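Participant: Got a structure for you, written out below as structure tokens; questions coming shortly.
Protein chains: 2
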Amino acid sequence: MTTLSIAEAAVETGLTTHTLRYYERDGLMLSSVDRSVSGHRRYSDRDLTWIEMITRLRSTGMPIRDVRRYADLVRAGAGNEAERLALLKAHRERVERQLVQVGAHLRAIDHKIGIYEGAVDQAS
Amino acid sequence: MTTLSIAEAAVETGLTTHTLRYYERDGLMLSSVDRSVSGHRRYSDRDLTWIEMITRLRSTGMPIRDVRRYADLVRAGAGNEAERLALLKAHRERVERQLVQVGAHLRAIDHKIGIYEGAVDQAS
DNA sequence: CGTTGACTTCGAGCCCGCTCGAAGGATCAC
DNA sequence: GTGATCCTTCGAGCGGGCTCGAAGTCAACG
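So the protein sequences, as listed, match chains A and S.
Numbering-wise, the working numbering puts 23 at position 23 of the first sequence, and it's gapless, one number per residue.
Counting the second sequence from 1 gives a position; the working numbering is that position plus 124.
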């Protein structure tokens, strides 16, 4: 099992070291990241996998506080799967509704693009 | 041609009166909104149509400053269609890339949901 | 004529999610 | 050993996009 320094974990996850510390500080990690004897953070595979999950939730638009709630549930251990499920499903619904909306807006914008393409063609 | 008060325009567009004034202040409108003799804003159909466009751009994630740039182009009048086209196309690209990404993340989350559904089934 | 209420402007404040800098301690490369 | 590099914590700052409050004007209703 490999463990990474915060700088390496930053590269691996595409986040900054500042953000990684911030996530931990803000209660988004499942537990405090392990430390080396010298006190430096050591990111485990488990940490990295979890950060990947955070990234998924975040980049589908989940606010930090909801990610924290989810982390709290996972941290609490087995027994609250139904609650986690509800949280993820609710999120899923929101994201899908938004995808549909964005799709519709995008088509309207495409229509506009079509108009300009016509106009630019004319001009040439 | 109907014209609306700011309060009516807010209802119509789903924005707040604060936001409508903010958009104008921030140079997002094509021109200052007309005023009644008493100085109250009167939103024309053209204004509402434009606000709809702003909403489309905004809710597909375009930052305010880019909306302003686009408004500047439209305001400048005919002759810069190619530039407008470029702006919209670039935006379109970004949005599509993001849609793909969000879709991928969503599927990963769905996978997780599937796992929890299994677990909750087990428990019941 | 008074009061209610919708409107005006302006500037400040807020929330989110980072992002950064300072100050200090440890570690690595030579 | 010494200098560069990396780490730590803490708290402040920032950019975006609103959001709000204060203070004032004006018009309509009764």
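Just so it is clear, CB atoms sit at the ideal spot from N, CA and C, and this is done for glycine as well.
Computed from a prediction, not measured in an experiment: that's the story for all the values here.
(1) Would you mind sorting Thr126 (chain S) into buried or exposed? The rule is 16 or more other CB atoms within 10 Å of its CB.
(2) Would Arg46 (chain A) pass as an interface residue toward chain S - the criterion being a Cβ-Cβ separation below 7 Å?
(3) Tell me, please, whether the stretch 84 to 91 of chain A touches the stretch 171 to 182 of chain S by the rule of three or more beta-carbon pairs shorter than 8 Å.
(4) Comparing C-alpha positions only, which one of A:Arg69, A:Thr19, A:Asp26 and A:Ser5 sits nearest to Ser38 (chain A)?
(5) Let me know if Tyr22 (chain A) comes out buried or exposed under the rule of 16 or more other beta-carbons within 10 Å of its beta-carbon.
(6) Closer than 8 Å between beta carbons: that is the criterion. Which residues of the stretch 232 to 246 of chain S meet it against chain A?
(7) If I'm right that Arg199 (chain S) touches Val191 (chain S) with Cβ under 8 Å, what's the distance once you round it to whole angstroms?
(8) For Met186 (chain S), which residues in the same chain have their Cβ closer than 6 Å to its Cβ, ignoring the five residues on either side in sequence?
(9) So the alpha helix (DSSP H) Ser162 (chain S) belongs to, where does it begin and stop?
(10) Looking at the secondary structure, which residues open and close the alpha helix (DSSP H) in which Val33 (chain A) lies?
(11) Within 7 Å (strictly less), CB to CB, does Ala152 (chain S) reach chain A?
Facilitator: Let me spell this out:
(1) Label assigned to Thr126 (chain S): exposed.
(2) No, Arg46 (chain A) does not count as interfacial toward chain S.
(3) Because the criterion of three Cβ pairs below 8 Å is not met, the stretch 84 to 91 of chain A and the stretch 171 to 182 of chain S do not touch.
(4) For the residues A:Arg69, A:Thr19, A:Asp26 and A:Ser5, the minimum Cα distance to Ser38 (chain A) belongs to A:Ser5.
(5) By the 10 Å Cβ count, Tyr22 (chain A) comes out exposed.
(6) From the stretch 232 to 246 of chain S, only Ala232, Ile233, Asp234, Lys236, Ile237, Tyr240, Glu241, Ala243 and Val244 have a Cβ closer than 8 Å to chain A.
(7) No, Arg199 (chain S) and Val191 (chain S) are not in contact; Cβ-Cβ is about 12 Å, not under 8 Å.
(8) Only His215 meet the Cβ criterion.
(9) For Ser162 (chain S), there is no enclosing alpha helix (DSSP H), as DSSP gives it neither H nor E.
(10) First-last for Val33 (chain A): undefined, no H or E at that position.
(11) Note on identity: in this sequence residue 152 (chain S) is Leu, with Ala being the wrong assignment. By this cut-off, Leu152 (chain S) is not an interface position.
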